[in-house]
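**Q** Next up is a structure, given as structure tokens.
Protein chains in written order, with this note's numbering: chain B, 1 to 319; chain F, 320 to 638; chain V, 639 to 957; chain D, 958 to 1276; chain H, 1277 to 1595; chain X, 1596 to 1914.
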């Protein structure tokens, strides 16, 4: 038996074994008395539905949602999408399975770019900051949260909701934002600070574990905008001589980055840099959703099926 | 010449001298070449338009907006409202004028209740807090900002926009909120914390000077909700053993107190206490506007003129 | 076999017999040919799903939705919620079953407080009315509709949708509203009139039978606001000497109690009393939903699952 | 001196005397010390600004707003609009002035069609009603309010705000609505009832005196929709054997005629007839505003100036 | 075996054979292993669910969605609606089946009026146009698209979504619009042009095949409003001497016919004719939905079930 | 007497003569009988109020709004802004005044960058287009409208409302858009086509004369989105072999560039390129407003006065 290909390459002709993160598990009861396991399985490239129909009793306690699993199965077609029909499943035994090629990062839905590349790019941006105060601040915050910043998603569901998504989001925003700042004579140091810090509160808003994000108590009760401002204020308090108007402008970038109050920003952009940040953030989030909708659409038409969140179909172009 | 009555008692039959805060000053140029001074004068009871038509050159540099002034003049009717037509005006000379009865608090638009009464009531509420953590927190913040809390307004324009307005707003909310909390079995200590702290960020959002509030840099750029959360977080950081879930709930009260995102709350109420706080806050602000609109309406009809901010006329009842 | 506990106390360990109102009944066809009965059963404490899988043919015509039933069964777990799996079911035979302990009020979803207590409280409020006209009006309307007012729900679905819900809603509003009126120097008699009469049109808008509310023709076509105004106008027409401005103010309370036109109020609050009524009504309806969502949430987390109607999760606190 | 032409025919070349209703009067104080009277004068064809600059003292107490006046003056151009510059003004002395040709109906802004024509048309519609119950109801209500229905405006400001406007509104709606009802197989008797009764509450909502409408207490506090339903209910109560479902449908027409809740309808259309009524009502009100905006626009362009209420310019076509 | 009645006349007592368009086909997998075919079948009178439970393997490749089929089966009740339970199904063999009575137009959901009647009515309207330019334009466009205009639906889903729906929509609008235009002294030629042309872009926006409409590339990317303006501009470019202001007014009718920008009109009505067009269009679309909702509601109540698109229940009246 | 400095450099210490465009002229009547001319004067750098108080009769017919004028006068302070108080004014005599240094482009409010620079930049972009079809299309349209594209504003009022504003808007968008397209792997040729063509309909929507834009008949009735699509369609029709899907995507860019229907786009973005275009367009328009509001704010505070169109104050930073 051979190893299954990556999820995005999976076809009905494939069968074999593989490692996945099981991000969802439900025992569905058929009315005829039979039960089956309905699972969501992910690897770094994407997500696929898994179903185990036979020997349910034997396998159903062999793993839990949130755990890495080793499965055997074959591709199957359901309403035009490929699924995995499983013949066996069990939780990964790290010691043993690592020897057979299991790596955690391969089995978690991930950003398309390697994390090391993105991290290096972020470091370059940091080194290019001219304003001493801002550079110190950004380096300190990035260093303090390196472990999270490397692997966290940028959101629970809507956009960049996968391993490395946070880093992908801010490096792409930095790539775009630098040019936009230059074009409008904006203060690039400030815009970069906004890009790196605007979602920093998400590190407290979300918990990211087992390949899935969930809201924390502070996330539900306070939200990442206020949490981020508190984090930045505490960091700035620890830096002597940080100019107060600079602090206010940086906190403004965080406070206003959703652009309008209806989207949860308690204040709206009042500086050129804040307008740029909100625009670049929104475009990056939107395009990430567009790319995902286009990539995941199973049909052969020029357009995707109706995308509920975006409220429209999307043009895919000719096959 | 006798002293003028309080602004709310002023009639066209009055003439004399008085002390006021000049909160607005504009030199209006008439087309015939003549100029006159258009002023806004306030004492503790209310606000009145002042006009100086004669000897403008002589008086126009004798004072500035934001200063206390001594005027001589008489009541006059303009479109159904009483105005003061001035014959002289000069800035107050504190040493000299105090001897003649000038007191700053008499010449600034003020809450109807004496500040000492409201302050005592606030202290009683503080002493009644059962939760030690909350009591320590509230006492510390109230003590730290006593000077401001005693005299600040609750807003720049919309409601309670006068000396002592902040204190009037939170004591009235406490009076109401205690009963509401009891009725719904809510945690009164928490609701009281929300009442006292929900607008605490306004002490940094606004600058209050010369009887007029204006937005600070932090107010414009960050807003009182995030500023308040930062203030409370810093206070709580200084209190050892403060339970983290309690902190989160208190910060939630501040974050959600505008009730909906469209009104600037980054998160919406998710606890019984937060629903109560938002409701009591909104009602108190609305009724303060209603009372003001009814009190200031000059007409004799059963209804006020159209109130633009509230988007309606208001019922005054029979004369 | 013993009697089943109250619905809210039911666990998977319970089995036995009990009396319920069957508020919903559907024959669901399994694809394998088998059918089962899907039921909604309620007693005074809550609602539970009932399923009858065996002997469906024998039992399916033994009762109808809207009838009281006697069932035998046992608790069962389905997706984390307790259900009742039934082995038999039949409609109640009043004569016989009363002897075995059947009481209608025990088998209908009900307000948590006893109706007699709430009714006594309402009477006290009525006796406290100082304005003769208002007291006569309220007493007459309450007396005329006593049978309904004692047991009706306050709404078909959204809040207080159970036996005694109307009475629970107005007594709680009266408890809260009295303090609020006092705090703002409002006319308590008027506010009380608004509390008792604001939803009086629901007695014509809804039909309440068999533990379930439904919309009447007049409810769908005219709505409880206009219906209530007509009812009150007719009652006032029968009271000689009722002052016309008082009538207008009372009708205004009914007309404006939804607060804004988007929620169906043809006019918006224009009196202090109307602002208070709309605020107290909305808070009571919201908190009833919050309590229900928290009480019914089956999970162990600090927060409930997403509540669609409220558009948020709710904080439950530590277990 | 000759008599002035109708307002809509007035030019800068005209001078003479005339009778008008003075609907607005304000003493405006010039900064140079001089005062002048700023007036709004209307005759049946339109409205014009009047200004009296000289001998203000002599004339200013010779009349009040809301009175008929006799003026002498000449046309004058102000910012592209014709005004009347007056040399004298006094209130009408009915006995004397009637002999010189004064007629009240000539001096009040009026519908373009003669009232007698419109009234006859309404009577024809009434006679054509086939349903006995509806015919009795309509005849009774029309007869009871004939005096008002003949001369009232349809609104205070927005549309048909002139003598006979109510009658013009409902006869035009009847002309249109009959064809629409026929086209859709709707019940024309019901639609006609909706047309005649939908605004009947305005007879209590507004007070119409001296050529100007204003809101009554009931109008402000209850609104014409609920007032109209009360009026119709009381009329129906006085007609024996009126079918209850017919009553509900007629009240539904009144309740839903604004089409959506945001516009103040407590319920939205649920019958074919209610959809037709709301559509015909809205179109007639809109087109009346369009006609007025086009007619009153002073410019020579193909488009009117910006119309604030309609939020657009309007096409007038070639001159 | 006899021929099945029309869909709208189908009852549980019917069995036999018939011709239908299969507009939807799905193989639903039962959990017990069994599969069944879930179909949507239409004839000219309506739509019905079809289910084939037995011999699925044998029949499932005998036809596709979008094809005409010949079925055998019997009426069956499912949750109060009549369905067709099939014993056999195959695609129509035109040569053979025509001999047995198959006609395409009988097997496609169609407008209630015969197309030839509606077409004749449209021709009459065209002949009545007085303005030469408009008449030439309309005749040319109608002639160029006769094949489509005769049979297309007016929309994909929302209203008049059946064969001949486009023609039914514009002839009904013309019937109504002529009277409305007359009543308001509007230019009937222009209004008629608007009625015939307002949706002309739908001929490029939609593809209509096999009884079902779908969006084309141009429809998704450009929309019928801009497409229609392009079509009309090209037609006008081919007519010498077409007055430019007339062209602009006709294009305005197309551009503004959704009435407000939120509904996709890039400009809002600025002429009397455009206000009339938007009003008549909206009413016709709404009433078509109302009629459909009432006609298809299976219940016996006075009201339909909740209609999601219209956001309300609808009054059906007594049975 | 010396020549006055540029408007943006004008101070109260300046006096002399200069050339301006008079974009607004009003004879204001003072109540004391005296009149004065209120003017708006512009040169390439900005706009300033001009007032002529003396010898009004002599000068008032010496020029009209929309003409170039030669004035003599001095700077004056009015409410903190510099105005020009004129002692003489007359229309420019081109022959004579050119000899004294008059150049039209110096006397019209203009984009800050020289038009020749921006034009050269646009040409470079055009030369870089790789797709032949797009390059032909863009070159043709740009060549056909060169005269307008060089000097037109981008809007009548809101943003880039000055000579060369259209060109400034699209070159800045191209500068930004190129980087954004690259970052997201979008088709830069397509995005550039969208940038150059998205507002092309404004050349028909607006008339630009005498330094001021106004709406044309087609602009008011059809709007620049549909007009632009028609223009592009006609241009594409003249290019043989233009791929239809490319045409549809380009028209989509025009149709969707306002981003949402509420802003007048009949369809919303459905391609990556359309999302980018709408984002870049909105940001450029917003930042142009922000720059203008900051530049024109006369105060010394860190923030501008309230900006009504943007609905906020703006941060200017330290003086």
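Here a beta-carbon is modelled for each residue, glycine too, at the ideal position from N, C-alpha and C.
Computed from a predicted structure; not experimentally measured.
Which same chain residues, not among the five before or five after residue 1854 of chain X, have their C-beta less than 6 Å away from its C-beta?
**A** Closer than 6 Å at the Cβ level, and outside the excluded window around residue 1854 of chain X, lie 1873.
**Q** If you drop the 5 nearest sequence neighbours on each side, which residues of the same chain put their C-beta closer than 7 Å to that of residue 634 of chain F?
**A** Cβ within range, chain order: 621 and 622.
**Q** Should residue 1330 of chain H be labelled buried (16 or more other beta-carbon atoms within 10 Å of its own) or exposed?
**A** By the neighbour-count rule (16 or more Cβ atoms within 10 Å), residue 1330 of chain H is not buried but exposed.
**Q** Between residue 977 of chain D and chain X, is there a C-beta pair that is closer than 8 Å?
**A** Answer no: the Cβ-Cβ gap between residue 977 of chain D and chain X never drops below 8 Å.
**Q** Return no unless some Cβ of chain B is closer than 8 Å to the Cβ of residue 586 of chain F.
**A** Yes, contact with chain B.
**Q** Would you mind stating whether residue 176 of chain B and residue 1774 of chain X have Cβ atoms separated by less than 8 Å?
**A** Yes. Within cutoff.
**Q** Cβ closer than 8 Å: which chain V residues qualify as neighbours of residue 1332 of chain H?
**A** Within chain V, no residue comes near residue 1332 of chain H; the closest Cβ sits about 12 Å away, beyond 8 Å.
**Q** Measuring CB to CB, does residue 1027 of chain D end up less than 8 Å from residue 976 of chain D?
**A** Yes.
**Q** Would you kindly report the start and end of the unbroken beta strand (DSSP E) that includes residue 77 of chain B?
**A** Segment 68 to 78, the beta strand (DSSP E) holding residue 77 of chain B.
**Q** Using a Cβ-Cβ cutoff of 8 Å, what residues of the segment 1813 to 1829 of chain X are near chain D? List them in chain order.
**A** Listed in sequence order: 1815 and 1816.
**Q** Going along chain B, which residues have a C-beta under 9 Å from residue 1907 of chain X?
**A** What residue 1907 of chain X touches in chain B: 267, 268, 269 and 270.
**Q** Roughly how far, in whole angstroms, is the beta-carbon of residue 1633 of chain X from the beta-carbon of residue 1621 of chain X, given that I think they are within contact range, below 8 Å?
**A** Rounded, the Cβ-Cβ distance is 5 Å, consistent with contact.
**Q** Counting only beta-carbon atoms, is residue 621 of chain F nearer than 8 Å to chain D?
**A** So yes, residue 621 of chain F belongs to the interface.
**Q** Under 9 Å Cβ-Cβ, which residues of chain F neighbour residue 1870 of chain X?
**A** Per Cβ cutoff of 9 Å: no residues; residue 1870 of chain X is ~24 Å from chain F at best.
**Q** Helix, strand or coil for residue 944 of chain V per DSSP?
**A** Reduced to three states, the DSSP call for residue 944 of chain V is coil.
**Q** Would you check if the distance between the CB atom of residue 1435 of chain H and the CB atom of residue 1475 of chain H is smaller than 8 Å?
**A** Not a contact, by the Cβ cut-off of 8 Å.
**Q** Do you know offhand how far residue 1307 of chain H's Cα is from residue 34 of chain B's?
**A** Low confidence applies here, because residue 1307 of chain H scores a pLDDT of 46, under 50, leaving its location unreliable and the question unanswered by this model.
**Q** Quick check: what's the CA-CA separation for residue 3 of chain B versus residue 1866 of chain X?
**A** C-alpha separation (whole angstroms): 37 Å.
**Q** Using a Cβ-Cβ cutoff of 7 Å, what residues of the segment 1128 to 1152 of chain D are near chain H? List them in chain order.
**A** Against chain H - using a Cβ distance shorter than 7 Å - the residues of the segment 1128 to 1152 of chain D are 1129, 1132, 1133, 1136, 1137, 1140 and 1141.
**Q** Name, please, each residue of chain B whose Cβ falls closer than 9 Å to the Cβ of residue 953 of chain V.
**A** Those are 217, 220 and 221, listed as they occur along chain B.
**Q** When the Cβ atoms of the segment 1510 to 1526 of chain H are set against those of the segment 1421 to 1435 of chain H, are three or more pairs found closer than 8 Å?
**A** At 8 Å Cβ cutoff, the stretches do not touch.
**Q** So, does the CB of residue 1514 of chain H fall closer than 8 Å to a CB anywhere in chain X?
**A** Not one chain X Cβ lies under 8 Å of residue 1514 of chain H.
**Q** Could you give the first and the last residue of the continuous beta strand (DSSP E) run that contains residue 410 of chain F?
**A** It spans 400 to 410 - the beta strand (DSSP E) in which residue 410 of chain F sits, taken as one unbroken run.
**Q** Between residue 893 of chain V and chain D, is there a C-beta pair that is closer than 8 Å?
**A** Closer than 8 Å to some Cβ of chain D, the Cβ of residue 893 of chain V qualifies, so yes.
**Q** Beta-carbon of residue 1221 of chain D versus every beta-carbon of chain V: anything under 8 Å?
**A** Closer than 8 Å: yes.
**Q** Give the range of the beta strand (DSSP E) segment to which residue 993 of chain D is assigned.
**A** Run containing residue 993 of chain D: 992 to 1000, per the beta strand (DSSP E) assignment.
**Q** Which two residues bound the contiguous alpha helix (DSSP H) that contains residue 850 of chain V?
**A** It is not in any alpha helix (DSSP H) - residue 850 of chain V instead sits in the beta strand (DSSP E) that spans 850 to 853.
**Q** How big is the Cα-Cα spacing for residue 507 of chain F and residue 600 of chain F?
**A** Computed Cα separation, rounded: 15 Å.
**Q** Below 8 Å on the Cβ atoms is my guess for residue 872 of chain V versus residue 891 of chain V; work out the distance and round it to an integer in Å.
**A** So it is not a contact: roughly 17 Å between Cβ atoms.
**Q** Going along the chain, which residues of its own chain have a beta-carbon closer than 8 Å to the beta-carbon of residue 1736 of chain X, five neighbours each way excluded?
**A** Cβ within range, chain order: 1791, 1792, 1795, 1826, 1827 and 1830.
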